[in-house]
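Protein chains in written order, with our numbering: chain A, 1 to 323; chain B, 1 to 396.
Here a beta-carbon is modelled for each residue, glycine too, at the ideal position from N, C-alpha and C.
Since we're looking at a predicted model, the values are computed, not measured.
Since the structure comes first, as structure tokens, the remarks are kept for the end.
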């Protein structure tokens, strides 16, 4: 029965891993794009992510208390909530850059890093304070939309809920859009130029400050979308929920090669799959000696191994010259 | 160097002045102030239960401080927020023992916080009466200052597994949260379930708070009759919710950590019909509790969460002990600790008397079933079983 069981759950584990991986990928983009242009880690990005989830839940709860949540088609609700979350997170990321990073642009690189950590703590507690005054709640629950919970049976043991499919499709669409934006448009060329060499880019007539703001806006929007999808998929958020997924997404960005956009996507997927495999299989394979609680240790051990042999990450490039 | 010295000496001087002036200010109004501290999570995911403990103690003090005030003492409540974190609890405990007016601590919610914090109280034999800590280690260390008005997990776990067997569950899957409390009770549940011939097909710890998919996949494949979650509602609720959404049909069960209206607030109809054991029954099960519930609602305009009644009783006992100690005209912490063990109290959770270790001589245990997905109707949960059990006899 054991081998049968192990193989039987495999497709389900892959699906779980993909969902988690796409979410990491979306968040990781924010880290990697900012690193690409500024070469510093925006640790406040985990709060940008969870801020999107909070805006999403507030809108859904608002619709619910107005009694119209069930009346609108779910796809409309979802699109509205996603767009709102993206917009809010993009605005937040833009503001953070303006207030906390731009004045420190020419300071030593550790300084904006400290500033980022400060912003992260500040935002966590601002969200906590606002929610406790506004709703007197710490944990917020995404209202259930019944049609999203319907499960499609693929085989007897494998089924996928609609919302999981929605997460995957939405993530794919956004990753594709971003890829097209960066590689096929003028703005994308400008972003890549700024990442390559800020001074030269500005000599070519590119407004560097505007491009940097744009990078934050795009990264923030992706993070906000991930936040809403996270909320829809897992249901429960609190002001500190962003921290761990943020940390893992950062890891995913490093794994894929920080500064590299396809790398962040790949890194997110690899980390998500590793985590899902470890959580589902560790206790089955070791007879309970190592349980699901070791999933992070397992995933991060693999990460260390990969980085030993490929220090630049999976798709990492040679470190660029910096002007 | 000299600058550091100067700063240190200024600080020392300031501290000395503070120590001298504080008791004098108290004495001016009478014999002094007696403070009762509460330590429970007032912020964070478990604040609903922690707040209940604080308010229960508050109500008891407001209602029962009369005799002490007549004798010339001022009675005050000092709430502390331990955030359900051991390090915060211990840091608070150090502040508490430094405040000489604090005679009793009512707390904590989490055994993992209570155990290290009580080691700090012990330094000064400052009494701690726990309304909620069910882990056996809390009293098994035989500290003279630690007592509790709730039951023990080695009994509660057994009550759970016995009930699971009665429900015709043949296979069970046990999950826990890796804390002293959650893993502790999960261990007791598992051990007794195996003894009773139930098949434990999985035993897993997790600190995950949001994504339970990868853990649920093997559980679904093994399809157990019952899933037991040893932990607290802020983690259990999303777990059970995702389990139902994933299509699991097993019965759900948990310990008293699930006993909060936030369970249904988070998990909604996924947990309707779920069983949980408790060492604190709903107020409706307690004959004397009706007036308590009414007063609580009137004063704080919300329903008492589980353990609010226990906190009320614990505070009532504390005040009785302080009264007994105050007869000599001077209250010491050692004296209060010793008096607590002598108190015979007929409280809202029944008659309370402590044994030599600080366990309640006869504690109440319940098995309840979630009746409604509406969190405001948490009080309607059905009692399916009620037991009065003495703590297990000393092993070794």
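Asked, Found
"Any chain B beta carbon closer than 7 Å to residue 138(A)", "yes"
"Within-7 Å CB hit, residue 81(B) to chain A", "no"
"Best match in 176(B), 132(B) and 115(B) for proximity to residue 142(B) [C-alpha to C-alpha]", "115(B)"
"Within 7 Å, strictly: CB atoms of residue 242(A) and residue 58(A)", "no"
"Contact set between residue 149(A) and chain B, taken where Cβ atoms lie within less than 7 Å", "245"
"Completely contained alpha helix (DSSP H) runs for the segment 228-265 of chain B, where each covers 4 or more residues", "233-245"
"Local conformation of residue 159(A) per DSSP, three classes", "strand"
"Segment limits, beta strand (DSSP E) that includes residue 363(B)", "363-369"
"Residue 110(A) burial status per 10 Å Cβ neighbour count (16 or more: buried)", "exposed"
"Against chain E: residues of the segment 189-217 of chain B by CB proximity under 9 Å", "Of the protein chains in the structure, A and B, none is chain E."
"Pair within 7 Å by beta-carbon distance, residue 229(A) and residue 141(A)", "no"
"Simplified DSSP state of residue 227(A), which is helix, strand or coil", "helix"
"Positions along the segment 2-25 of chain A whose CB lies within less than 8 Å of some CB in chain B", "5, 8, 9, 12, 13, 16, 17, 19 and 20"
"Proximity of residue 106(B) and residue 308(B) at Cβ, strictly below 7 Å", "no"
"Distance between beta carbons of residue 127(A) and residue 51(A), contact taken as under 8 Å", "7 Å"
"Residue 201(A): first and last residue of the uninterrupted alpha helix (DSSP H) it sits in", "198-203"
"Beta-carbon proximity of residue 194(A) to residue 37(A), cut-off 7 Å", "yes"
"Beta-ladder partner(s) of residue 174(B), from DSSP", "203(B) and 228(B)"
"Residue-level contact to chain B via CB, residue 200(A), 7 Å cutoff", "no"
"Cross-chain neighbours of residue 390(B) in chain A, by beta carbon under 9 Å", "What residue 390(B) touches in chain A: nothing, since even the nearest Cβ is about 34 Å away."
"Short Cβ contact (7 Å threshold) for residue 83(B) with residue 177(B)", "no"
"Three-state class that DSSP yields for residue 106(B) in the structure shown", "strand"
"Contacts around residue 151(A), its chain only, beta-carbon distance under 6 Å, and the 5 residues preceding and following it disregarded", "159 and 161"
"Residue from 350(B), 348(B) and 323(B) with nearest C-alpha to residue 337(B)", "323(B)"
"Beta-carbon proximity of residue 104(B) to residue 174(B), cut-off 7 Å", "no"
"Delimiting residues of the beta strand (DSSP E) encompassing residue 384(B)", "382-389"
"Min CB distance residue 182(B) to chain A below 7 Å", "no"
"Residue 69(B) classed as buried or exposed, judged by whether at least 16 other C-beta atoms fall within 10 angstroms", "exposed"
"Between the CA atoms of residue 101(B) and residue 185(B) - distance to the nearest angstrom", "36 Å"
"DSSP state of residue 347(B) mapped onto helix, strand, coil", "strand"
"Distance between residue 29(A) and residue 227(A) (C-alpha atoms, nearest Å)", "13 Å"
"Pairwise C-alpha distance: residue 92(B) and residue 99(A)", "36 Å"
"Delimiting residues of the beta strand (DSSP E) encompassing residue 73(B)", "73-81"
"Residue 32(B), enclosing alpha helix (DSSP H) - first and last residue", "Careful: residue 32(B) lies outside any alpha helix (DSSP H), inside the beta strand (DSSP E) at 32-40."
"Residue 286(B): first and last residue of the uninterrupted beta strand (DSSP E) it sits in", "Counting along the chain, residue 286(B) falls outside any beta strand (DSSP E), and DSSP gives it neither H nor E."
"Bridge-paired residues (DSSP) for residue 189(A)", "DSSP output for residue 189(A) lists no bridge partner at all."
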